[in-house]
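There are 2 protein chains.
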Amino acid sequence: MSEVYAVRRTRLRECCNAGGSAAALVSRPANVRYLAGPAPEGAVLLLGRTDDVLVCPGTPDDRAPGTPGSRPDENLPVRLAPGANADPALTAAALAASQGADSLAVEEHHLTVSRHRAIRSAAPTLRLADIGGAVEQLRVVKDEEEISCLRIGAEIADQALGELLESILVGRTERHLALELERRLVDHGADGPAFPTSVGTGPNAGRRGHRPTDRRVEEGDFLSVCLGATYRGYRCAIGRTFVIGTAPADWQIELYDLVFAAQRAGRESLVPGAACRDVDHAARQVLDSAGYADALQPLTGHGVGLEIDEDPQLAPSAMGKLDACVPVTVEPGVHLPGRGGVRIDDTLVVRPEADGGPELLTITTKELLAL
Amino acid sequence: MSEVYAVRRTRLRECCNAGGSAAALVSRPANVRYLAGPAPEGAVLLLGRTDDVLVCPGTPDDRAPGTPGSRPDENLPVRLAPGANADPALTAAALAASQGADSLAVEEHHLTVSRHRAIRSAAPTLRLADIGGAVEQLRVVKDEEEISCLRIGAEIADQALGELLESILVGRTERHLALELERRLVDHGADGPAFPTSVGTGPNAGRRGHRPTDRRVEEGDFLSVCLGATYRGYRCAIGRTFVIGTAPADWQIELYDLVFAAQRAGRESLVPGAACRDVDHAARQVLDSAGYADALQPLTGHGVGLEIDEDPQLAPSAMGKLDACVPVTVEPGVHLPGRGGVRIDDTLVVRPEADGGPELLTITTKELLAL
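Taken in sequence, the protein lines are chains A and B.
Numbering of the first sequence is given in this note's numbering, commencing with residue 1 and proceeding in unit increments.
Numbering of the second sequence is given in this note's numbering, commencing with residue 1001 and proceeding in unit increments.
Here it is in structure tokens:
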């Protein structure tokens, strides 16, 4: 794995040098992990003029290590900040100056104003520049190792969801169902949930990001569930909607079929070279033309990886095109206030048609199940 | 409750006016909650020259509301940012300028450099100042309503821990025990865990912030558990260490007695007017004089409230004194690499001796239980 991190750092270095900075300080946790492997909380990476260094908080030895079984790139020198309350970013900046750099690119979208000022004081000879979203852009296209982590995470989420569907649901609360799903994710080998598990019943079903309440599942309800596993740091999402009871009502079948059609249209438009806004449009216009424009969300999907919500965004104003090997969610939904709604969410990887088209990672059935 | 929020805002306004700013923008989530009540994620508070306004993200109506059963101060006008991707802070800054303010105090320790720059562009006539930790300082001393939330949270954590102790522990993994504790917290009415539940067995026991692994509980192990409940936004902590099996070894009894003595010394020194560093010293010197100086943590306790780690810090270099009605943890510990260790953590409220001295919120026994 060490080589992978070194290659990534080289790419970032080229990017910084092109921007006129000899050194870069990476502080955003997912970016540090991408470039240095699993590192202790609060660690920062210095891409130095001569050497790269991982600077970790100066906590005592009995501090908990990172994710079990994982560690940072072993070829990367590690320094400790001088004390538990010292900011590793200041150590890194001083190190950059001592290596003879005259400018340092930092992540202005992650550093607070106070921290930026402290870095300036710690290394007054350095000109501070902005690295912008350079690391985030490198992270968009995944290698097969990364996709494999997402694939395993998706399998785990499928398993957890599948087991829940075999149990009795009526009478249980949204909160209990969500907790049980999260326990099952861990049972099946996830590091943990990829994001807070969402379970919505009845009028809450289909709400994006709904936080589970004490409402109990009742006969005739829509039940929507959205969960994901984190596996080796990589996060995926799956969302499904079910009907509770033997016979879905007509309005439920109609709404489900509509959202399903929208989600399929989005999935089918995932080809390398497609504009992100066109994928969004493909899903959105199905709902739009059925009169649900107002119920629509700001986006119908987004990238996933070390964070659950990464570039690219599938939204009306999104810029840019999809590349092969970019994993995204496709997750349109409709929620009718007071009645509930439907959300269907898959994680897929963009692949060329020659390779069989988009690779579906979350394979739980999307038939409307009556449970 | 509305009056409470209004009084808090008045105190902050006095603080800002004294600092020369007519208006303030509060963005740190716990600070927004303190001054405006439970608000949607991403909301910011403008303490304006003429009016106070809560500015929320412009998400569609079916966006999940805040914590169930709670809502922001109803006397506070609410504005929406113009779109789901628009930053409410920019709307708030423009509003401040339109009210005729010439300067705006912002939270430089929370705003990123990029966001600060965007605020400057959105309201170029405003001089941006730093409000510093003004809201955090207001939050240190709690009112009885806040303490009551902490007390209920502590009861919930005590219940969850008590139930776990009645079950069979040998053979179960740290991860499963942690998940079960979190489920029980929610069962008993918590909003959720106050922080990731820590369960450490054998060589992992006593590690501060240990993340649960797949190690199983064995006969003869130390088992240390640290958990907390969030109740109406308020977070408490309890930590206990147990021995698994019928007879603790001599070294286990000795180590336990030592940490217990240190923790008691810390608790007993919690009086209004005590210097924070003296409370730390009281606990620390017990371990120190027994030769465990190297194993010590940077702090032996900290404030709790809307966040799990607030001012004051109980640490050797801490400044300031304790006031009545300040809730703090007292949590010394010793961890011996390869062997495990002991940590004991309580949440208490500083009270004058006339009122009976420090109020212990977490009442689970601190006897060394052999389970």
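No residue lacks a Cβ here, since even glycine has one placed at the ideal position from N, Cα and C.
- At a cut-off of 8 Å between beta-carbon atoms, Arg1175 of chain B makes contact with chain A.
- Annotation for Asp130 of chain A: Glu108 place their beta carbon closer than 6 Å to its own, counting only its chain and skipping 5 residues before and after.
- When C-alpha distances from Pro1057 of chain B are compared across B:Leu1076, B:Pro1352, B:Ala1324, B:Ala1084, the shortest belongs to B:Ala1084.
- In this structure, the beta-carbon distance from Val1328 of chain B to His1302 of chain B falls below 8 Å.
- Beta bridge pairing from DSSP links Phe1242 of chain B with B:Leu1223.
- Contact annotation: Leu1076 of chain B and Ala1097 of chain B have beta-carbon atoms that are not nearer than 8 Å.
- Legend: CB atoms of the segment 108-121 of chain A lying less than 7 Å from CB atoms of chain B belong to residues Glu108, His109, His110, Leu111, Thr112, Val113, Ser114, His116.
- Closest option to Asn204 of chain A, judged by alpha-carbon separation, among A:Thr365, A:Leu223, A:Asp191, A:Ala194: A:Leu223.
- In terms of Cβ geometry, Asp158 of chain A and Ile244 of chain A do not form a close pair [threshold 8 Å].
- Interface criterion met: the Cβ of Pro298 of chain A is under 8 Å from a Cβ in chain B.
- Here Ile168 of chain A is exposed. Its C-beta has fewer than 16 other C-beta atoms within 10 Å.
- Nearest to Leu368 of chain A by alpha-carbon distance, out of A:Gly209, A:Phe260, A:Val279, is A:Phe260.
- Here DSSP, grouped into helix, strand and coil, assigns Leu1076 of chain B to coil.
- Per DSSP, the unbroken beta strand (DSSP E) holding Ser198 of chain A starts and ends at 198-201.
- For the 8 Å CB-CB criterion, Asp52 of chain A and Arg120 of chain A do not form a contact.
- Boundaries of the beta strand (DSSP E) around Thr1329 of chain B: 1327-1330.
- Across the set B:Thr1050, B:Val1350, B:Asp1187, B:Ser1002, the C-alpha of B:Thr1050 shows the shortest separation from the C-alpha of Ala1022 of chain B.
- Rounded to the nearest angstrom, the Cβ distance from Pro1352 of chain B to Ala1324 of chain B is 6 Å, consistent with a contact under 8 Å.
- In this structure, Leu1111 of chain B lies near Ser1027 of chain B, with their beta-carbon atoms less than 8 Å apart.
- Apart from sequence neighbours up to five positions away, the residues of its chain that approach Ala1122 of chain B with a beta-carbon distance below 6 Å are Leu1090, Ala1093, Ala1094, ordered along the chain.
- DSSP places Gln313 of chain A in the strand class (E or B) of the three-state scheme.
- The continuous beta strand (DSSP E) containing Arg1343 of chain B extends over residues 1340-1343.
- Taking one beta carbon from each stretch, the segment 327-346 of chain A and the segment 1037-1045 of chain B have fewer than 3 pairs nearer than 8 Å; the two do not touch.
- When DSSP states are grouped into helix, strand and coil, Arg1127 of chain B belongs to the strand group.
- Taking 7 Å as the cut-off between beta carbons, none of the residues of the segment 126-153 of chain A comes near chain B.
- Contact note: Val1186 of chain B reaches chain A through Arg175, Leu179, using a C-beta cutoff of 7 Å and chain order.
- If you draw a 10 Å sphere on the C-beta of Asp214 of chain A, you find fewer than 16 other C-beta atoms in it, and that means exposed.
- The continuous alpha helix (DSSP H) containing His1116 of chain B extends over residues 1113-1122.
- Secondary structure note for Thr347 of chain A: its beta strand (DSSP E) is the uninterrupted segment 346-349.
- DSSP places Ala1370 of chain B within a strand segment (E or B) once states are collapsed to three.
- Contact between the segment 242-256 of chain A and the segment 273-287 of chain A is absent: fewer than three C-beta pairs spanning the two stretches fall below 8 Å.
- Annotation: Leu255 of chain A to Leu371 of chain A spans about 17 Å, alpha carbon to alpha carbon.
- Between the C-alpha atoms of Val1055 of chain B and Ala86 of chain A there is a straight-line separation of about 34 Å.
- One finds nothing in chain A with a Cβ atom closer than 8 Å to the Cβ of Ala1043 of chain B; even the nearest lies about 15 Å away.
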